[in-house]
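A.B. asks: The sequence shown begins at 1 in full-length UniProt numbering and counts up one residue at a time. We put the beta carbon where it would ideally sit given N, CA and C, even for glycine. Please find one structure pasted underneath; my questions will follow.
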Amino acid sequence: MGSERTASRRIAVSICLGLGLAATVVVVIWLVVDHATGDSVASHVHELYAPYGEVPDPLVPWLFLYSVFGLAIVGWAVALVGTWRNARWARWWSTACFVIGSALLIFGAVVSEHDTPILPLPWRIVSIALAAFGAITLAIAWLPTTDRIEE
Numbered sequence: 001m002g003s004e005r006t007a008s009r010r011i012a013v014s015i016c017l018g019l020g021l022a023a024t025v026v027v028v029i030w031l032v033v034d035h036a037t038g039d040s041v042a043s044h045v046h047e048l049y050a051p052y053g054e055v056p057d058p059l060v061p062w063l064f065l066y067s068v069f070g071l072a073i074v075g076w077a078v079a080l081v082g083t084w085r086n087a088r089w090a091r092w093w094s095t096a097c098f099v100i101g102s103a104l105l106i107f108g109a110v111v112s113e114h115d116t117p118i119l120p121l122p123w124r125i126v127s128i129a130l131a132a133f134g135a136i137t138l139a140i141a142w143l144p145t146t147d148r149i150e151e
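So, in structure tokens, the structure goes:
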């Protein structure tokens with residue numbers, strides 16, 4: 001009778017957390033490049049508020065995006081280290097980060113004023129995609145362990 005080794009939950013969660021961390025780092029790099037070159041958020045804010053009078057400072061949406069994605073990097077990284085160390089708190093940390101982070105990401109994606117979303121479409125798509133990826137990671141984190149399958 002032989003045994004077949006399968007990937008453990010810890011390895012699967014580590015892969016998901018690593019991918020989430022890498023994706024968020026790429027998003028932050030894109031955020032910095034967009035802010036420095038195209039400034040899509042400022043353009044969107046101007047288009048949104050110009051017909052109604054005074055245009056507010058577009059720094060607020062930028063700060064929101066930088067804060068949420070920056071905290072996401074910290075959340076992914078801490079969860080990844082906790083998972084590597086097989087810490088008992090790692091799943092709970094991931095759960096808390098998912099709930100708080102996804103709430104902020106989805107809020108940013110759906111909030112609108114004058115029947116127009118506050119954020120441009122690409123940033124809304126990225127926000128929802130990261131929230132969805134967090135949900136997948138969280139589901140994998142809470143799956144039962146499958147270290148070995150005996151034959």
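Below 8 Å, can you find three or more Cβ-Cβ pairs linking the stretch 75-89 to the stretch 102-115?
C.D. replies: With the cut-off at 8 Å, the stretch 75-89 and the stretch 102-115 do not touch.
A.B. asks: Pick from I15, S8, G134: whose alpha carbon is nearest that of G75?
C.D. replies: G75 has its Cα closest to that of G134, out of I15, S8, G134.
A.B. asks: What's the gap between the Cα of V41 and the Cα of G108?
C.D. replies: Whole-angstrom Cα-Cα distance: 12 Å.
A.B. asks: Measuring alpha carbon to alpha carbon, tell me which residue in I15, T37, Y49 is nearest S112.
C.D. replies: Measuring from the Cα of S112, the nearest candidate turns out to be Y49.
A.B. asks: Pick from P58, W142, W93, W30: whose alpha carbon is nearest that of L80?
C.D. replies: For the residues P58, W142, W93, W30, the minimum Cα distance to L80 belongs to W93.
A.B. asks: Can you tell me which of the three DSSP states T137 falls into?
C.D. replies: T137: helix per DSSP, three-state reduction.
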